[in-house]
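Read through the structure below, which is laid out as structure tokens, and then see the notes.
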Amino acid sequence: MKTSFISLILFAGLLPALPAGAQGLTLEACRAAAVEHNRTLRDSRYELEAARQTRQEAFTNYFPQINASGGAFQAQHGLVQADFGVAIPQLGSMNLPISMAKRGLFGSVTAVQPLFAGLKIVTGNRLARLGEEVSRLQLQKSEGEIREQTDTYYWQIVSLKENLSTLDAVERQLNEIHRQVELSVKAGLVTANDLLRVELRQQEVASNRLKVENGLKVSKLLLAQHIGADWKGFDIAQLSFDDPETPDRYYIPVEEALDHRAEYQLAEKNVEAQLYQKRMERGKLLPTVGVGAGYLYYNVTDKDVDDGMVFAQVSVPISAWWGGAHALKKARIREEQAENDRLQAREMLAVEIEKSWCDVQEAYAQIQLARRSVTSATENLRENRNFYQAGTAPLTDLLDAETLYTQSRNNLTSAYAAYRTSLARYLRVSGR
């Protein structure tokens with residue numbers, strides 16, 4: 008892990024502007040750059056940071072809920088209107104109108120500490136922590152996919168470069184054949200039709216070169232965008248396929264690989280999340296208990312009045328029981344569904360891992376077959392060249408042998424690339 012991080016730092020500064028002619032990036036450098044600069048991974052990191060903030064937000068629900076309010080008013084008439092009966096000797100009873108509280112100020116501060124909230128606060132915090140774990144697994148999953156895609160682009164470029172090397176060899180052979188046939192035509196030993204056949208083959212090879220060069224250019228652009236590098240002058244380190252090691256050293260049992268798969272761990276987290284959701288629905292049906300303290304101030308009769316108080320409160324969601332029973336049953340169904348999805352995910356992932364391992368073995372076997380084909384095609388080309396020079400074989404046999412040689416070389420290159428990409432996929436699906 009430390010080595011990857013150091014490599015990431017060393018190569019990150021080289022990526023924004025890689026000048027033409029600069030030394031190309033190795034596969035490890037491309038992997039490190041993709042992990043650092045790929046936009047898909049950036050989104051996954053943003054999701055992880057958002058989940059971390061959600062967890063911290065949920066933790067604040069353990070704290071007291073503090074509220075403050077205040078205000079002032081000015082009324083057209085007094086808010087308190089009354090007639091005050093007064094008995095005056097010798098005058099009798101009189102009603103005196105009274106008007107009060109025409110203007111005033113008021114304010115209050117309360118703090119409520121929840122003691123029991125149906126376990127909704129505890130469960131909410133566990134859900135938030137689970138959400139952070141899920142985001143971390145999603146990031147791990149994305150990193151594996153990005154790494155596999157990086158390997159695929161990289162080996163595709165190597166494969167196309169190998170195809171260009173094959174075309175170089177073929178062009179040299181055709182140029183020599185063209186020289187020999189041209190001399191034979193001038194000497195009157197063969198007709199001009201043989202020379203036309205060689206030239207047609209040369210034009211076919213030139214057309215193939217154009218396709219390979221364009222494919223190589225597009226592949227470089229894709230890899231540059233994938234790893235966040237400047238595509239101008241971008242290239243990889245000059246590399247050719249070497250004899251691969253046997254794939255047996257990469258094999259791990261399916262059951263062990265399953266435990267490493269982020270996808271399976273996500274399925275397990277989904278079961279856990281549905282369990283917490285069920286507890287949340289149950290908590291909505293339970294009473295909540297809290298204690299609090301407050302301070303009250305008002306002035307509506309030109310006299311300051313303030314007072315403190317402590318209180319306890321209990322809330323029972325009686326009407327919530329009507330629909331809550333059905334919500335709880337639905338949550339239990341979702342939990343069972345999540346468990347079923349987990350089992351299905353385990354089965355399908357096991358199939359994927361096993362198939363990927365079969366692909367690796369098949370790709371490795373194809374390399375051995377392609378090697379033998381190249382050996383046979385090389386010998387066939389050598390013999391037909393000697394036969395043609397000796398005048399015992401027609402030119403068409405020589406050109407056919409050259410075509411078979413080209414196809415066998417390209418097949419070997421494709422087999423090498425298929426092995427490398429299938430191995431990268433197997434490492435990803437086995438959780439490595």
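Read in order, the letters of the sequence shown are residues 8 to 439 in the working numbering.
By construction, the Cβ of each residue, glycine as well, lies at the ideal position given by its N, Cα and C atoms.
Everything numeric in this text was worked out from a predicted model, so none of it was measured.
Checklist entry - Given that a residue counts as buried once 16 or more other Cβ atoms are within 10 Å of its Cβ, and exposed if not, what is Pro121? => result Under this definition Pro121 is a buried residue.
Next on the checklist: Measuring only the C-alpha atoms, how far is Gln284 from Arg341?
Outcome noted: The alpha-carbon atoms of Gln284 and Arg341 are separated by roughly 9 Å.
Item to check | Assumed close pair Ala244, Thr420 - CB separation to whole angstroms, cut-off 8 Å | outcome: Between Ala244 and Thr420, the beta carbon gap of about 18 Å keeps them out of contact (Cβ cut-off 8 Å).
Checklist entry - How many angstroms separate the CA atom of Gly28 from the CA atom of Ala41? => result With a pLDDT of 43 at Gly28, under the threshold of 50, the modelled position of this residue cannot be trusted; read the value that follows with caution. Straight-line measurement puts the Cα of Ala41 at about 22 Å from the Cα of Gly28.
Item to check | Contacts around Asn182, its chain only, beta-carbon distance under 7 Å, and the 5 residues preceding and following it disregarded | outcome: In its own chain, leaving out the 5 sequence neighbours on each side, no residue places its CB closer than 7 Å to the CB of Asn182.
Item to check | Where Ser149 falls, given that 16 or more other Cβ within 10 Å makes a residue buried | outcome: So Ser149 counts as buried.
Item to check | Boundaries (first-last residue) of the beta strand (DSSP E) holding Gln245 | outcome: Note, Gln245: premise wrong, no beta strand (DSSP E); not H, not E.
Checklist entry - What separation, rounded to the nearest whole angstrom, lies between the Cα atoms of Ala269 and Cys37? => result Their Cα atoms are separated by approximately 23 Å.
Checklist entry - Relative to the alpha-carbon of Lys336, which residue among Val141, Gln414, Ala400 and Arg289 has its alpha-carbon at the smallest distance? => result With distances taken between Cα atoms, Lys336 lies closest to Arg289.
Next on the checklist: Mapping the DSSP letters down to three states, classify Thr420 as helix, strand or coil.
Outcome noted: Reduced to three states, the DSSP call for Thr420 is helix.
Item to check | Option in Val381, Glu386 and Tyr433 with minimal Cα separation from Ser415 | outcome: Here the closest residue by C-alpha is Val381.
Next on the checklist: Taking only three categories from DSSP, how would you classify Pro254?
Outcome noted: In the structure shown, Pro254 sits in a helix (DSSP, three-state: H, G or I).
Item to check | Given 8 Å, three or more beta-carbon pairs between the segment 213 to 222 and the segment 152 to 159 | outcome: The segment 213 to 222 is not in contact with the segment 152 to 159.
Next on the checklist: I need the DSSP call for Val321, collapsed to helix, strand or coil.
Outcome noted: In this structure, Val321 counts as strand in the three-state DSSP scheme.
Item to check | Opening and closing residue of the beta strand (DSSP E) in which Gln210 lies | outcome: Counting along the chain, Gln210 falls outside any beta strand (DSSP E), though it belongs to the alpha helix (DSSP H) covering Ala199 to Ile234.
Checklist entry - According to the Cβ coordinates, are Pro254 and Tyr371 closer than 7 Å? => result Going by beta carbons, Pro254 and Tyr371 fall inside the 7 Å limit.
Next on the checklist: Taking a contact to mean a Cβ-Cβ separation below 7 Å, would you say Glu169 touches Ala58 in this structure?
Outcome noted: No, these two residues do not count as a Cβ contact at 7 Å.
Checklist entry - Are there 16 or more other CB atoms within 10 angstroms of the CB of Asn484, so buried, or fewer, so exposed? => result Given a span of 8 to 439 for the chain in the structure shown, any question on residue 484 remains unanswerable.
Checklist entry - Who does Ser76 pair with in a DSSP beta bridge? => result Answer is Ser115, bridged to Ser76.
Next on the checklist: Between His44, Glu152 and Gly330, which has its C-alpha nearest His292's C-alpha?
Outcome noted: The sequence as given places Leu at residue 292; His does not occur at that position. Across the set His44, Glu152 and Gly330, the C-alpha of Gly330 shows the shortest separation from the C-alpha of Leu292.
Next on the checklist: Under 8 Å, with one C-beta from each stretch per pair, do the segment 318 to 328 and the segment 362 to 378 reach the 3-pair mark?
Outcome noted: Between the segment 318 to 328 and the segment 362 to 378 there are fewer than three C-beta pairs closer than 8 Å, too few to call the two in contact.
Next on the checklist: Buried or exposed for Tyr412, going by 16 or more other Cβ atoms inside 10 Å?
Outcome noted: Buried.
Checklist entry - Are Ala118 and Ala300 closer than 7 Å when you measure CB to CB? => result In contact: Ala118 and Ala300 (Cβ atoms closer than 7 Å).
Checklist entry - Beta carbon of Gly297: closer than 6 Å to some heavy atom of the ligand SAH? => result Of ligands this structure carries none, so the ligand SAH is not represented either.
Checklist entry - How many whole angstroms separate the CB atoms of Leu376 and Ala408, which I take to be in contact at a CB cut-off of 8 Å? => result No, Leu376 and Ala408 are not in contact; Cβ-Cβ is about 19 Å, not under 8 Å.
Checklist entry - Gln81 bridges to which residues according to DSSP? => result Among the bridge pairs identified by DSSP, Gln81 is matched with Arg110.
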